[in-house]
Amino acid sequence: MTQLKTTLLDLYELENLDLKTTNKDGKRYYTDTDETFYYPSVTSVTGLLSRDHIKLWRKRVGEETANKITAQATKRGTTFHNLVEDYLRKDKEFIEFDNVLQEGMFKAMQPVLDEIIPIAIEAPLYSNVLQMAGRVDCVGIFDDQLSIIDFKTSAKYKEEYMAKPWYIQMTAYAIMVEELTGQAIEEITALVAVEGHNAFQIFSANPMDYVDELNDLRVRYKNVYGV
Numbered sequence: 003m004t005q006l007k008t009t010l011l012d013l014y015e016l017e018n019l020d021l022k023t024t025n026k027d028g029k030r031y032y033t034d035t036d037e038t039f040y041y042p043s044v045t046s047v048t049g050l051l052s053r054d055h056i057k058l059w060r061k062r063v064g065e066e067t068a069n070k071i072t073a074q075a076t077k078r079g080t081t082f083h084n085l086v087e088d089y090l091r092k093d094k095e096f097i098e099f100d101n102v103l104q105e106g107m108f109k110a111m112q113p114v115l116d117e118i119i120p121i122a123i124e125a126p127l128y129s130n131v132l133q134m135a136g137r138v139d140c141v142g143i144f145d146d147q148l149s150i151i152d153f154k155t156s157a158k159y160k161e162e163y164m165a166k167p168w169y170i171q172m173t174a175y176a177i178m179v180e181e182l183t184g185q186a187i188e189e190i191t192a193l194v195a196v197e198g199h200n201a202f203q204i205f206s207a208n209p210m211d212y213v214d215e216l217n218d219l220r221v222r223y224k225n226v227y228g229v
């Protein structure tokens, strides 16, 4: 087991960090094996950005419809993440699909997946500076840069402004990687598979552009929840 940070880690050691999750008041927290800290998850903190929007949406469409759409989106995203992880790890000789929509999303993105050199996949990360933790989709080389890469799915095409919450989320992971390894992340990229269109979108940014907004959001979360 890799101990929590006393010296800088190698990038390839990130997957070996031993963090566990716990839930409190409906929020996910991360802690180490000795429970020396409890940090809110990155997704809990960044979820503040869409909290009011989601409440209005659920009220508009109704709880039953909202629950159904959310469950479908969650299942689609989890399944796609698993497919991408299997492909990048090269753990399986064949990638199997449950349906043609799933296969279309994956095969559309496959050429760009082949351009990624994965270093750490589904790695637990934390930051004592941010007092946050989370699990990153991928740390790897993409477009010749050390990058945070996030894999998303969507039922329709996204516009650039919609990527802002993703950028803030990935900026948190970028800070964590640098704090743990000393290696600066040069780019953050979201790859979005669009269901039913056999297409994908790429959204990329410089994490330095979102540090201030991330810090402001972290302060807001602490003011709301006291942690």
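For the record, in the sequence shown the residue sitting at position 179 is 181 according to our numbering, with numbers rising by one throughout. Yeah, the Cβ is synthetic: ideal placement off N, Cα and C, and Gly gets one too. Given the structure is predicted, the values throughout are model-derived calculations rather than measurements.
For residue 36, the secondary structure class from DSSP, reduced to helix, strand or coil, is coil. Between the C-alpha atoms of residue 134 and residue 37 there is a straight-line separation of about 14 Å. Burial state of residue 52 is exposed, judged by a 10 Å Cβ sphere holding fewer than 16 other Cβ atoms.
Contact annotation: the stretch 183–190 touches the stretch 137–147, with at least three C-beta pairs closer than 8 Å. DSSP, read as helix, strand or coil, puts residue 51 in helix. Taking C-beta separations shorter than 7 Å and ignoring five residues to either side along the sequence, the partners of residue 48 in its chain run 167, 170, 171, 219, following chain order.
If you draw a 10 Å sphere on the C-beta of residue 32, you find 16 or more other C-beta atoms in it, and that means buried. When rounded, the separation of the alpha-carbon atoms in residue 44 and residue 131 is 13 Å. Counting only the Cα atoms, residue 209 lies some 31 Å from residue 198. Residue 147 is bridged by DSSP to 144.
Inclusion of residue 115 and residue 97 in the CB contact set at 8 Å is not warranted, their separation being larger than that value. DSSP lists 150, 207 as the bridge partner or partners of residue 190.
A direct Cα-Cα distance of roughly 34 Å separates residue 217 from residue 67. Contact between residue 122 and residue 13 is confirmed by a C-beta separation of about 6 Å, below the 8 Å threshold. For residue 127, the enclosing beta strand (DSSP E) stretches over residues 119–129. Between residue 206 and residue 181, the beta carbon gap of about 22 Å keeps them out of contact (Cβ cut-off 8 Å). If you draw a 10 Å sphere on the C-beta of residue 152, you find 16 or more other C-beta atoms in it, and that means buried.
Rounded to whole angstroms, residue 22 and residue 137 show a C-alpha spacing of 11 Å. For the options 155, 222, 19, 175, the alpha carbon positioned closest to that of residue 204 is the one of 155.
If you draw a straight line from the Cα of residue 226 to the Cα of residue 26, it comes to about 14 Å.
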